[in-house]
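K.L.:
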Amino acid sequence: MNYKRTIEKNLLKKISTNIIKLLVEHNVNPFTLTYMALVFSILSGCLYSLANLSETFVAIGGVVLLLSGFLDALDGELARATNRTTQKGSFLDSVFDKLGEVSVSLGIAISGRVSS
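If you read the sequence shown in this note's numbering, its first letter stands for residue 1413, the second for the next number, and so on.
1) Would you mind listing the alpha helix (DSSP H) stretches within the segment 1460-1502 that are 4+ residues and don't spill past its ends, in chain order?
2) At a cut of 8 Å, does the segment 1485-1495 reach the segment 1424-1438 through at least three beta carbon pairs?
3) Given a cut-off of 8 Å, decide if residue 1503 and residue 1449 are closer than it, judged by their beta-carbon atoms.
4) May I have the straight-line CA-CA distance separating residue 1455 from residue 1414, to the nearest angstrom?
5) Since residue 1476 and residue 1452 should fall inside the 8 Å C-beta cutoff, what is the C-beta to C-beta distance between them, to a whole number of angstroms?
6) In the structure shown, what three-state DSSP assignment does residue 1525 receive?
7) Since residue 1490 contacts residue 1442 with CB under 8 Å, what's their CB separation in whole angstroms?
8) In the structure shown, what three-state DSSP assignment does residue 1430 receive?
9) Quick one: what does DSSP say residue 1440 is sitting in, helix, strand or coil?
10) Less than 8 Å between the CB atoms is what I'm expecting for residue 1457 and residue 1519, so what's the real figure, rounded?
11) Residue 1485: which of 1447, 1474, 1515 sits nearest, CA to CA?
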């Protein structure tokens, strides 16, 4: 295995483990993270759609998209850590992932940055 991948995996696991502990202590519902991930995906799409106004929107959109992805990963971890896994949660997570992908894709298309 690639040493860089091992370091990244271990570092992200350590960070997410600490965040999960904090979320468990504050009794955060996994659905909260699922909905937040969707909101950030939609926000990212909106920011990308403004890319023709400024490069800053592209950069901020990228950071927001990364945050959305991190929240998306955390919701499942939190559900497993608190024994709250459900079929509804799994279904919503999948649907919201697709909605987020559509939002980001539309934002990029609307920006006019994609040439035909």
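All residues carry an ideal CB built from backbone N, CA and C; glycine is no exception.
P.N.:
Let me lay it out:
1) 1467-1493
2) yes
3) no
4) 34 Å
5) 5 Å
6) coil
7) 5 Å
8) helix
9) coil
10) 3 Å
11) 1447
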